[in-house]
Every structure is written in C-alpha cells, then in structure tokens.
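Basically the working numbering = 1-based index in the first sequence + 59.
For glycine and all other residues, C-beta sits at the position ideal for the given N, C-alpha and C.
What follows is one structure encoded as structure tokens, with my remarks underneath.
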Amino acid sequence: MSTTEGRKVKVRFAPSPTGDLHVGNIRTALFDWAYARHTGGTFLFRIEDTDTTRVTDEYINAAIDTLKWLGLDWDEGPEVGGDNGPYLQSMRLDIYAHWASKFIEQKDAYYCYCSPEELETVREAQRAANQAPGYNGHCRDLTLDQIEEYKTEGRIPVVRMRMPDGKTTFNDLIRGEMEFDHKFVPDFVLVRGDGSPLYTLAVAVDDVLMKVTHILRGEDLLSSTPRQIRVYQAMGVALEEYPIFAHLPFVMGADNAKLSKRNGEVSIAWYRDKGFLPEAICNYLALLGWSPGEDRENVTMKELSELFTVERVNSSPARFDMKKLEAINGDKIRALTIDEFLTWALPFLIKSKIITGTPEEIVLVKRALPLIQERIIMFSEIPAMLKFLFVKEVTVEADSMAQITDLSAKDVLRRSLKELELMSDWTHANIEAALRASLVEELGLKPRIAFGALRIATTGSKISPPLFESMELLGKAASLARISAALIL
RNA sequence: GGCCCCGUCGUCUAGCGGCCUAGGACUCUGGCUUCUCAAGUCAGCUACGAGGGUUCGAAUCCCUUCGGGGCUACCA
C-alpha cells in the first residue's frame, strides 16, 4: 500500500494528558523517538487536549517536563515550535471546524440530531438482538422538512462521518495486512454538539496537516484506524500520502491487567522521585516489546536510536516487571562516574535534610559515595545509608540493641576503644589491621561477631557501608565517641 | 454478544523448517567470596497453551480449539 520511499520520516507522539504520563505512554514516546532518530527523521510532539474535561494545564506541563527529563527531545512541538504549529489541539479549533464543514459540504459528513438518550435506546435494542451496537444511520439522509422540525424542537446536532459500504485495508508495520469491514465501523461523530472536535477528527486532520509519515501508537487504537483513514479520504489525501501505521503491544501490569494511571507506580514522576535514572527507565521500557537481538540488553539512548527498528518490535503484550527495572537501574548506577553519581545523589540528600549542601558536606559525600555505589538500586536509598556520617550521635536501631548490650559486645567495644585511642594515622587500613589483631587474633572472635558490635556502635545499624572505611570517614574523634556511648547503653 | 489483536521458562525475550534434548536477562534456590548488606562468581530450577494436519524433519507453515486482551462513547 503506501510507502515511505521519497518521504522523509516524521513520527509523532501525541498524548492526551489526562493524568501524569505513565509507563505505557512513555514506552510509546520512546519508540516514536527512537524510530525518528534511527531514520534521521523528525520527532513531533503534539498535545491532544480536545477532551477539555479531563486534560489540564498541569498535566500538559508535566508531560512536557517528563519527556525532557527522559531525554526524549523533539524537533517540532511545544516550546521548540515548528512550521506546522500550533501543537496544542485546543489552539487549532478553527482548523477542525473548517474541515468539518467541508466534509458536510462534500456530503462525507452530515448533521445528526439524535439525542444521547435515543442513541442509547438504539444500542440497547441492538445488544438485546445480539447485533453489533452502533449508529443506525437514522440521520444520514434527512429531508429539509425533518431538519427544520428537529431545529424547531431545539435539538443540537453533532457532525457525523458517513462510512460508505466496503472495507478499509492497510498494512500495519507490526501486525501485517489489516482489513476492517465497514459493517462493523458505524458512522462516527466528528464534532460534538457544542462544536468541539473529537479525537477522531483532530488526530487525523493534524497528522495530515503536520505531514506525519509514521504513526507508532498503542494497539488500543488499532480498531479506530479505519475511521482515521476515512478522514484522510474526505480530506482528499492521496493514498500514497497516508501515514503508515504501526500498533505497539500493550504494557500490562504485573497482575496482567492493563496498566492504568490509578496505580501510583505507573507514573513516571514516581520513578523520578524514587531515584531511577532516565536512561534505566528508557532501557527497560525499550525491552518491553522490542529487543536488539544477539542476547543484548544493556543499551544507551544513543545505541537505542542506532539499533531500533520496527521490524524487531513484538506484537504480543508485555508485563511490567519492577525487579528487572531495578536490576537495570542498579547496573546503570554502578556504571556512573563518581562525579555523575554525586550530581544525582546530592538532591536526594538535600531533600531528605541529611545535608544542606555546604562544600564540606559535599566533600564528605563524594568520599562516601564509592562505598555505597554497588549497594543501592535507586538514589532514594542514599540518605538512609549515609545518614550516620552527618548526625551528631547515632540512635541504635531497636532490633540491633541486643547485639550491642551483651557482655561480649561490651568487651569488644572496650578493647577497640583502647586500641584505637592510640592510633595516630587514622586510615581504614590501619583501623582494620589494629582491630583484626586485637579482636580476631588475640580474642579469637569471629570477624562477623567482633565487627558487628562496632558496626552498630558507629553507624547505629547492623547493615552499613564497609566498617573501616566508614570509621575513617567518620573521623577518629566521632568514632571513639560513638563507641564510648555504646558502652553505657 | 459482535469485530479485531495476541499466546516460548514465574517475567522480559532470542528463535523466522534441520544449528533447539530451545539461548540470554531478571526473579528464585544452592555454593564460592566475605566485617554486615550489596556487588562479583559458579551451579540449579523452570517454557514452545492444547489438538489435528503439511513435511524426511516444526517452537517455526496451515486448521481447529482453549486462554488473555482491546474496541464496540458527543473518551483517547
């Protein structure tokens, strides 16, 4: 059918921000972006806000912000502009009105005076009769008299597209040759009673006017494709100019239900707060329905744009797996340089009020970061892990108390204190050597027992970054003070 | 109900007629390493939804069936 030859690729991401962008939206955006970048084409970003009751400015701004944060840069759209704007559908209402009236003139569309109640009655009857519910064509060919009558009754019409008999076929890049019989595609509404356009009208008009060549979107829109194609026809678009469709498989929740915005963890904002890297999110999402092959999984954004092809996109739905995302995030964090890690870590420490951000604090954080880099899977874990370095004194966790108050622990602490007080060169190597000699060799204690007590005394927890390095960072005075304090617990 | 899409380990996937007694990753289990927790490393568990064909040969092609999902709005 239609081809891309000779056409420069233009892909669009056109969400309807009725809430925070969720992982399903972003997976679509990511594939759109990757396809545009891979082909050297244009990535267009458009906001579909025709449903004014559900879309808010706040959500629109959040969507823009999320895309930017993820590194999905667009060539045309909000903030960057372009030759085919505006890119907010609410600013293009006159365009849709123009086309709607043109369709009426051409008899491709007609005014429908049926009330919602009447339509519902028809549908119920159809369902009862085991037929496909849908518009019955009541107003398709009204006489002038009938129209006058409806008008005097005060009825407000909608604009409805006339679906001719026949079939719509198109080649979906992911699903192959598709065919829809119009028997199952009833005449659909283009313009509401209040004059505002519906998705079906706006999306098709914009894709044509904005010269979109490829539409990669969720498979929930698959069955609405014939309606869009019908609008292309009415607009007089040549067959070879039709956008090419590719319907992406769903991203499902773990419970096998479709991911919804109601669950907190589907919102990208949530992942951002938790401390996931944008690149980890994109890498993981890329693997949902696509794979680079050759047993490869770890890809950067650049590699994704180089490797991505629609041919390698699956047609079957994928379940979202948090564990896998976490594993990838952990890998990406471990691959960070210390300076990069520091840049990401600082806001989390400041936000949780562990530090205020003084130069001294930052120096200490930077020294501590290598100790925890391989111990976290997300940045939000950092404050709890480094807190002991920035507090005056530690509070021993309840479940660790028993281990530090028993007699052998006291003995360990006393000996350690004595040993460490003499130390002049406070390095982790010296600390370790001295304590091993005294506690492990002389006392014959198992290392995990001996160092366990010290760990609790100095960090307040059974679990901490490596002990001797931690003590070095804490400093001699503070370390000794904490051990002394633990002695009198 | 009607129309449509989908079906390989628990999960994401590789596979596109012989390379498959099905490979990788995550998870899980066990070992090693080890000052805790991690990380690292080694090993293990576990899959072609089912039934018919086609073929010398099928996870790969065809049919049926079962299962999951979407659409069926003056939502997108």
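Identify every residue that forms a DSSP beta bridge with Gly389.
Answer is none; Gly389 lacks a bridge partner.
Rounding to the nearest angstrom, what Cα-Cα distance links Glu362 and Ala496 in this structure?
Whole-angstrom Cα-Cα distance: 51 Å.
Rounded C-alpha distance that separates Tyr169 from Glu177:
18 Å
Kindly identify the DSSP beta-bridge partner or partners of His81.
Answer is Ser326, bridged to His81.
Of the listed residues Val250, Ile392, Lys477 and Leu548, nearest to Lys535 (C-alpha basis):
Lys477
Quick check on DSSP: helix, strand or coil for Leu140?
A quick correction: the sequence has Gly, not Leu, at residue 140. In this structure, Gly140 counts as strand in the three-state DSSP scheme.
Between Leu532 and Leu526, what straight-line distance do the alpha-carbon atoms span, to the nearest angstrom?
10 Å
Leaving out five residues on either side along the sequence, give the residues of the same chain with a beta carbon under 8 Å from the beta carbon of Val68.
Only Tyr94, Ala95, Thr98, Gly99, Gly100, Thr101, Thr272 and His273 meet the Cβ criterion.
Taking C-alpha atoms, which residue in Ile288, Gln292 and Asp240 lies nearest to Lys166?
For Lys166, the closest alpha carbon among the candidates Ile288, Gln292 and Asp240 is that of Gln292.
Can you confirm whether the segment 194 to 207 touches the segment 146 to 166 when touching is taken to mean that 3 or more C-beta pairs between the two stretches lie within less than 8 Å?
no
In whole angstroms, what is the alpha-carbon distance linking Leu344 and Ser364?
14 Å
For Pro223, tell me which candidate among Asp246, Arg234 and Pro337 has the shortest Cα-Cα distance.
Asp246
Check whether the Cβ atoms of Gly83 and Val369 lie closer than 8 Å to each other.
When the beta-carbon positions are compared, Gly83 and Val369 stay at least 8 Å from each other.
Here's a check: name, in chain order, each residue in its chain whose Cβ is nearer than 6 Å to the Cβ of Gly416, leaving out the five neighbours to either side.
Ile409
Are there 16 or more other CB atoms within 10 angstroms of the CB of Val264, so buried, or fewer, so exposed?
buried
Please name the residue or residues paired with Val372 in a DSSP beta bridge.
Trp349
Which residue wins for smallest C-alpha separation from Phe367, given the options Ser375, Ser374 and Val358?
Val358
Mind reading off the beta-carbon distance from Asn388 to Gly348? Whole number of angstroms is fine, and I expect it under 8 Å.
Contact flag wrong, Cβ pair sits at about 19 Å.
For Arg473, is the classification buried or exposed, using 16 other Cβ atoms within 10 angstroms of its Cβ as the cut-off for buried?
exposed
What runs of the alpha helix (DSSP H), each 4 residues or longer, lie entirely inside the segment 253 to 319?
258 to 268 and 284 to 294
When you compare only the Cα positions, how much space is there between Met530 and Asp470?
19 Å
Out of Val218, Thr227 and Val244, state which residue places its alpha-carbon closest to the alpha-carbon of Met237.
Thr227
Could you check the C-alpha separation between Glu356 and Arg66 for me, to the nearest Å?
32 Å
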